[in-house]
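Residue 261 in our numbering sits at position 261 of the sequence shown, and the numbers go up by one each step. Note that beta-carbon positions come from the ideal geometry of N, C-alpha and C, so glycine has one too. Heads up: the structure comes next, in structure tokens.
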Amino acid sequence: MSSSAQTNLDTSFENLRIRRVAGLIGGEVQDIKLSASLDDAAIDTLHRALVKYKVLFFRDQSHLDDAAHQAFGARFGDTVAHPTVPSPEGTKLFELDASKGGGRADSWHTDITFLDAFPKISILRGVKIPAYGGDTVWANTVAAYERLPADLKRLADSLWAVHTNDYDYGAERTAGTDSRSAEARLAHHQNVFVSTVYEAEHPVVHVHPVSGEKALLLGHFIKNIVGLSSSESARIFEILQNRVIRLENTVRWQWRKDDVVIWDNRATQHYAINDYGTQERLVRRVTVAGERAVSIDGRHSRTLRRPEQQPQAQSQAKSQQAVREPIASAA
Ligand SMILES: [Fe+2]
1 MSSSAQTNLD TSFENLRIRR VAGLIGGEVQ DIKLSASLDD AAIDTLHRAL VKYKVLFFRD
61 QSHLDDAAHQ AFGARFGDTV AHPTVPSPEG TKLFELDASK GGGRADSWHT DITFLDAFPK
121 ISILRGVKIP AYGGDTVWAN TVAAYERLPA DLKRLADSLW AVHTNDYDYG AERTAGTDSR
181 SAEARLAHHQ NVFVSTVYEA EHPVVHVHPV SGEKALLLGH FIKNIVGLSS SESARIFEIL
241 QNRVIRLENT VRWQWRKDDV VIWDNRATQH YAINDYGTQE RLVRRVTVAG ERAVSIDGRH
301 SRTLRRPEQQ PQAQSQAKSQ QAVREPIASA A
């Protein structure tokens, strides 16, 4: 075996063999059969490896069906259904089916950040994979923060942002698709994804609850940066978001059927590349509940709007709006 073949293998996590896939993010865990019956030590080791690598890849997990996938996910915490998109009957799975309107996640995001307590871990399983195309890319939001110049760090440290599921969906994503599928996607977004509007306010820099690392918390659900107009928000967002998605900061995975990918949703963004045309692509996700994000100065994310708390949320949102209105209306 050549020395270069050895250096990409990390054996520092007890029984795991991890092949580094990219320089700053991503490891492929080899020779493991994922299952709910793994012992506590094995689950703990996987979690520690996940916090280090941010995203872990597993080939050949054909033994996992929907039930076994969900049972495995439940070993990491409470599993949750998507707040607005219905799960397949009798499950809490989130299904991305490219043949249906909402199946193409081709925009950079962290999952479900329109909730104050957004998921900590997502576990995605490849059920139908196209013959070519349809890779997913993940970006390391910790490395993105760490590599900011000191002045930009100070700026980011001070900012908070409003995230909503009612974001500007159509702006970029219908490009390159035929008009009928673009219409179907827009209709799914409006009628299903935004069937109930959620809003949450998060620090732009949050502290990872396990590693203590600081990470940028951005992505496509951001509506505006608190206290700034929409055009000012867009410019600041672009500067910081561009740092997250630098290619050096990413890992790209070419899916095979029966792959499982686990990502730390507290330290990553991801993007599903929409380059597979009309081929079938079906992936299912188990989502593990997380906690509210915590800012560098110890403040927690908060809900601005959600259906169960409508009266209070509306008055909260109104008072927020009042603070921002003079600036926003000047935009
Ligand atoms: Fe996602």
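Task: Proximity of Thr91 and Val192 at Cβ, strictly below 8 Å - done: Position 91 of the sequence shown, counted from the start, is the residue given in the question as residue 91. Position 192 of the sequence shown, counted from the start, is the residue given in the question as residue 192. Val192 is positioned such that its CB atom lies no closer than 8 Å to that of Thr91.
Open item on the list: So, does the stretch 151 to 165 touch the stretch 257 to 264, judging by three or more C-beta pairs under 8 Å?
Closed with: Taking 8 Å as the limit for Cβ pairs, the verdict is that the stretch 257 to 264 does not touch the stretch 151 to 165.
Open item on the list: Between the alpha carbons of Thr268 and Asp168, how many angstroms are there, rounded?
Closed with: By 1-based counting over the sequence shown, the position of residue 268 is 268. By 1-based counting over the sequence shown, the position of residue 168 is 168. The straight-line gap from Cα to Cα measures roughly 21 Å.
- [ ] Can you tell me which of the three DSSP states Arg284 falls into?
- [x] Here residue 284 corresponds to residue number 284 of the sequence shown, with the count starting at 1. Here Arg284 carries a strand assignment [DSSP, helix/strand/coil].
Task: Other residues of its chain near Glu28: CB distance less than 6 Å, five sequence neighbours each side excluded - done: Here residue 28 refers to the residue found at position 28 when the sequence shown is read from its first residue. Correct list, in chain order: Arg19, Val21, Phe57.
Task: For Trp138, the residue or residues it bridges with in DSSP - done: Taking the sequence shown and counting its residues from 1, the one referred to as residue 138 is at position 138. Paired residue(s): Val251, His270.
- [ ] For the beta strand (DSSP E) containing Gln70, list its first residue and its last residue.
- [x] Looking up residue 70 in the sequence shown gives position 70. Secondary structure note for Gln70: it is in no beta strand (DSSP E), and the uninterrupted alpha helix (DSSP H) holding it is 66 to 73.
Task: Where the beta strand (DSSP E) through His47 begins and ends - done: By one-based count along the sequence shown, residue 47 stands at place 47. Taken as a continuous stretch (DSSP letters only), His47 belongs to no beta strand (DSSP E), being part of the alpha helix (DSSP H) at 40 to 53.
TODO: Please list, in chain order, all residues of the same chain as Lys54 whose beta carbon is under 6 Å from its beta carbon, the five residues on each side excluded.
DONE: As a position in the sequence shown, residue 54 is number 54, starting the count at 1. The answer, listed in chain order, is Ile25, Asn140, Asp264, Ala267, Thr268.
Task: the stretch 143 to 151 in contact with the stretch 272 to 281 per 3-pair CB rule at 8 Å - done: With a cut-off of 8 Å on Cβ pairs, the stretch 143 to 151 is not in contact with the stretch 272 to 281, counting fewer than three such pairs.
Task: Among Asp40, Arg299, Arg243, Ser211, nearest to Leu50 - alpha-carbon criterion - done: On the sequence shown, residue 50 is found 50 positions in, with the first residue counted as 1. Residue Ser211 is the option with its Cα nearest to Leu50.
Task: Helix, strand or coil at His206 [DSSP, three-state] - done: Counting from 1 along the sequence shown, the entry for residue 206 is found at position 206. Looking at His206 - three-state DSSP - the assignment turns out to be strand.
Task: Outcome for Thr7 when other beta-carbon atoms lying within 10 angstroms are tallied against a minimum of 16 - done: Start at 1 with the first residue of the sequence shown, and residue 7 comes out as number 7. By the neighbour-count rule (16 or more Cβ atoms within 10 Å), Thr7 is not buried but exposed.
Open item on the list: Is it buried or exposed, Leu115, if we count other Cβ atoms within 10 angstroms and call 16 or more buried?
Closed with: Locating residue 115 in the sequence shown gives position 115, counting from the first residue. Buried.
Task: At least 3 beta-carbon pairs within less than 8 Å: the stretch 194 to 210 vs the stretch 123 to 137 - done: Too few Cβ pairs lie closer than 8 Å, so no.
TODO: Just tell me which of His82, Gly227, Ile129, Gln70 has its CA closest to the CA of Thr113.
DONE: Counting from 1 along the sequence shown, the entry for residue 113 is found at position 113. The candidate whose alpha carbon is nearest that of Thr113 is His82.
- [ ] Would you grab the beta carbon distance between Phe76 and Val288 for me? Rounded to a whole angstrom, and I think it's under 8 Å.
- [x] Translated into positions along the sequence shown, residue 76 becomes position 76. Translated into positions along the sequence shown, residue 288 becomes position 288. For Phe76 against Val288, the beta-carbon gap comes to about 5 Å, under 8 Å, which counts as contact.
Open item on the list: Looking at the secondary structure, which residues open and close the alpha helix (DSSP H) in which Asp151 lies?
Closed with: Indexing the sequence shown from 1 puts residue 151 at position 151. Run containing Asp151: 150 to 158, per the alpha helix (DSSP H) assignment.
TODO: Starting from the Cα of Lys100, find the closest Cα among Asn165, Leu64, Arg185, Leu16 and give me that residue.
DONE: In the sequence shown, residue 100 corresponds to position 100, counting from 1. Comparing Cα positions, the closest option is Arg185.
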